[in-house]
Amino acid sequence: MKTPVLAQEHLKAYAATSKDFNPIHTNPAFAKDSPFGGVIVHGMLSMGVLGQFAEGLFDDFLVAELSVRFQKVVQLGTVLTCAANVIEQTDTAICADVTATNEQGEVVTAGRIVLKKY
Amino acid sequence: MSIYDAIGKKREPVYFDITEEAVRAFAESVFATNPIYFDKAAAQAKGFAHIVAPPTFPTSLRSLEPEWYENFDLLRFLHGEQQYTYNKRLVVGERIYCVEMVEAIYVKHGRSGPMTVSELVKKGYNMQDELLFTEKQKLIYLGEVLS
Numbered sequence: 026m027k028t029p030v031l032a033q034e035h036l037k038a039y040a041a042t043s044k045d046f047n048p049i050h051t052n053p054a055f056a057k058d059s060p061f062g063g064v065i066v067h068g069m070l071s072m073g074v075l076g077q078f079a080e081g082l083f084d085d086f087l088v089a090e091l092s093v094r095f096q097k098v099v100q101l102g103t104v105l106t107c108a109a110n111v112i113e114q115t116d117t118a119i120c121a122d123v124t125a126t127n128e129q130g131e132v133v134t135a136g137r138i139v140l141k142k143y
Numbered sequence: 025m026s027i028y029d030a031i032g033k034k035r036e037p038v039y040f041d042i043t044e045e046a047v048r049a050f051a052e053s054v055f056a057t058n059p060i061y062f063d064k065a066a067a068q069a070k071g072f073a074h075i076v077a078p079p080t081f082p083t084s085l086r087s088l089e090p091e092w093y094e095n096f097d098l099l100r101f102l103h104g105e106q107q108y109t110y111n112k113r114l115v116v117g118e119r120i121y122c123v124e125m126v127e128a129i130y131v132k133h134g135r136s137g138p139m140t141v142s143e144l145v146k147k148g149y150n151m152q153d154e155l156l157f158t159e160k161q162k163l164i165y166l167g168e169v170l171s
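As you go down the protein sequences, you meet chains A and B in turn. Each residue of the first sequence is one higher than the one before, starting from 26 at the first, in my numbering. Each residue of the second sequence is one higher than the one before, starting from 25 at the first, in my numbering.
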């Protein structure tokens, strides 16, 4: 699964729905003085994308656990690509590693999910 | 007030109604199309009472007081890690409450200098006091906050 090119409008929408109004995500004038030189994407947006992606992988299996590390800052204008690698699977649970990768092939957010059968 | 004063102290419970509008908007904002986040009938077909909230939805249930964050320069504040553990998934129509706590704050010395790490936990309960989910987050401040 790929996101659209992450633009300011997507970050504004995510700020509103997540109630994370840190201006480093929404205000270019504020963000230009940051160590990253401009607006960065909410780490939690990448996790949100991974969470819903993981939930669509297997019929009747939903997320019971999800943990991630935010490994790299995501710049505005990035397309994130999600991937999952199943580690263990039983009739009732699936454990997988998940990653969100930028167009340079760098893993920006990585973690592990446990899906349980519903 | 020092940021360290908050360590280990549970905050007052904060109540939230899980609304269809908030769940749908959140799901759209993470580019989800799975019908269980949008369509009651689809969620019911999977055994839920109503539309299911996406796994990271509890991030929107904010209760830690903004003043706590005022000790940090937001330009130097990074998100390190985040974790959700569910006993039960959240569904639309529920009323829940969250209890938030700062578990730990410590200074770490990395290659790029000192970092102040805050570990926060939020637990969500239904009105029968059953634990529904636990959210843990690790926030990293680039710099040393000693008070």
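Ideal Cβ positions, reconstructed from N, Cα and C, are used throughout, including at glycine.
Range of the contiguous alpha helix (DSSP H) that encloses residue 42 of chain A: Position 17 of the first sequence, counted from the start, is the residue given in the question as residue 42 of chain A. Per DSSP, residue 42 of chain A is one residue of the alpha helix (DSSP H) stretching across 33 to 43.
Could you tell me if residue 56 of chain A is buried or exposed, where buried requires 16 or more neighbouring beta carbons within 10 angstroms of its beta carbon? Taking the first sequence and counting its residues from 1, the one referred to as residue 56 of chain A is at position 31. Burial call: buried.
Looking only at C-alpha atoms, which of A:108, A:120 and A:113 sits nearest to residue 140 of chain A? Position 115 of the first sequence, counting from 1, holds the residue named residue 140 of chain A. Of A:108, A:120 and A:113, the residue nearest in Cα terms is A:120.
Whose C-beta lies closer than 7 angstroms to the C-beta of residue 70 of chain B among residues of the same chain, with five residues either side of it excluded? Translated into the one-based positions of the second sequence, residue 70 of chain B becomes position 46. Cβ within range, chain order: 60.
Counting only Cβ pairs nearer than 7 angstroms, list the residues of chain A close to residue 56 of chain B. Within the second sequence, the letter at position 32 stands for residue 56 of chain B. Within 7 angstroms Cβ-Cβ: 77.
Quick check: the stretch 79 to 97 of chain B against the stretch 114 to 132 of chain A, are at least 3 beta-carbon pairs closer than 8 angstroms? In this structure the stretch 114 to 132 of chain A does not lie against the stretch 79 to 97 of chain B, because fewer than three pairs of beta carbons, one per stretch, are closer than 8 angstroms.
Would you decide whether residue 57 of chain B is buried or exposed? Buried here means 16 or more other CB atoms lie within 10 Å of its CB. Counting from 1 along the second sequence, the entry for residue 57 of chain B is found at position 33. Burial call: exposed.
Count the other CB atoms within 10 Å of the CB of residue 127 of chain A; is the residue buried (16 or more) or exposed (fewer)? Taking the first residue of the first sequence as position 1, residue 127 of chain A is located at position 102. Buried.
Same chain, Cβ closer than 7 angstroms to residue 119 of chain B, five either side skipped, listed in chain order: On the second sequence, position 95 is the one that residue 119 of chain B refers to. So the list reads 39, 41 and 151, once near-sequence residues are dropped.
In whole angstroms, what is the alpha-carbon distance linking residue 29 of chain B and residue 32 of chain A? Working through the second sequence from its first residue, we reach residue 29 of chain B at position 5. Working through the first sequence from its first residue, we reach residue 32 of chain A at position 7. C-alpha separation (whole angstroms): 38 angstroms.
Residue ranges of each beta strand (DSSP E) within the stretch 74 to 146 of chain B, 3 or longer: Annotation note: the stretch 74 to 146 of chain B contains the following uninterrupted beta strand (DSSP E) runs of length 3 or greater, listed N- to C-terminal: 101 to 110 and 119 to 134.
In whole angstroms, what separates the C-alpha of residue 8 of chain A from that of residue 81 of chain A? One cannot answer for residue 8 of chain A here, as it falls past the ends of chain A, which runs 26 to 143.
Can you give me the Cβ contacts of residue 83 of chain A inside the same chain, cut-off strictly under 8 angstroms, excluding the 5 residues immediately before and after it? Position 58 of the first sequence holds residue 83 of chain A. The answer, listed in chain order, is 119 and 140.
Contact set for residue 155 of chain B: own chain, Cβ-Cβ below 7 angstroms, skip 5 residues either direction: Here residue 155 of chain B is taken as the residue at index 131 of the second sequence, counted from 1. These residues qualify, in order along the chain: 111, 147 and 149.
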